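A quick write-up on the structure given underneath.
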Amino acid sequence: MNRRETGSRYEKFAAGQLEKRGYEVLAFNYRCRQGEVDLICRQGGVLVFVEVKYRATDRFGAPSQAVDARKQERIRKAAVHYMCSRGIAPDVPCRFDVVSILGGQVEIIENAF
Numbered sequence: 001m002n003r004r005e006t007g008s009r010y011e012k013f014a015a016g017q018l019e020k021r022g023y024e025v026l027a028f029n030y031r032c033r034q035g036e037v038d039l040i041c042r043q044g045g046v047l048v049f050v051e052v053k054y055r056a057t058d059r060f061g062a063p064s065q066a067v068d069a070r071k072q073e074r075i076r077k078a079a080v081h082y083m084c085s086r087g088i089a090p091d092v093p094c095r096f097d098v099v100s101i102l103g104g105q106v107e108i109i110e111n112a113f
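With the working numbering applied, the sequence shown has no gaps in its numbers, which climb one by one up to 113 at the end.
Take a look at the structure:
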């Protein structure tokens, strides 16, 4: 399995975990020139942009540590693009979550950045 297939597999897994917690998945892998968002969801009245990170082991640290400032900025820009392209008002509440998958352990970090 290549990296893209692995990523897709764990994004689908993460979507299932989020749905169990009341999230509604609106989009997978939203891409634009500014960046990419793995999952776009709604939880209640909040629009949630989700980054999914998977690692088989913690040899290189926790998966969530890979969401550095540069990655966060690209996700923010893609989120703005998504909202503008869909005509979503800028005053709609939104947040950025990270789903960290380490082996079989799942951690959902709300308001990660």
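Think of the CB as a built atom: it goes at the ideal place given N, C-alpha and C, for glycine as much as any other residue. In this text the structure is predicted, and so the values were computed from the model without any measurement.
Taking Gln-128 as part of the beta strand (DSSP E), name the residues at either end of that continuous run.
-> Residue 128 is absent from the structure shown; the chain starts at 1 and stops at 113.
Identify which residue in Val-67, Ile-88, Ala-62 and Arg-31 has its Cα closest to the Cα of Gly-103.
-> Shortest Cα-Cα distance from Gly-103 to any of Val-67, Ile-88, Ala-62 and Arg-31 involves Ala-62.
Presumed contact (8 Å Cβ cut-off) between Asp-97 and Val-48, rounded CB distance | Separation of the CB atoms of Asp-97 and Val-48 is rounded to 5 Å, and the pair is thereby assigned contact status at 8 Å.
Whether Lys-71 touches Ser-100 by CB criterion (8 Å) | Against a cut-off of 8 Å, the Cβ pair of Ser-100 and Lys-71 comes out as no contact.
In the structure shown, what three-state DSSP assignment does Ala-27 receive?
-> Collapsing the DSSP output to three states places Ala-27 in a strand.
So, are the CB atoms of Ile-88 and Gly-35 less than 8 Å apart?
-> At a Cβ-Cβ threshold of 8 Å, Ile-88 and Gly-35 do not count as neighbours.
Would the beta-carbon of Val-46 fall within 8 Å of that of Pro-93?
-> Cβ distance < 8 Å, so Val-46 and Pro-93 count as in contact.
For Ala-27, count neighbouring C-beta atoms within 10 Å of its own C-beta (all shown protein chains included) and say buried if the count is 16 or more, exposed if not.
-> The residue is exposed, with fewer than 16 neighbouring Cβ atoms inside 10 Å.
Please list, in chain order, all residues of the same chain as Glu-11 whose beta carbon is under 6 Å from its beta carbon, the five residues on each side excluded.
-> Same-chain partners within the cutoff: Asp-38 and Val-52.
Identity of the residues DSSP links to Lys-53 by a beta bridge | The partner list for Lys-53 (beta bridge, DSSP) reads Ser-100.
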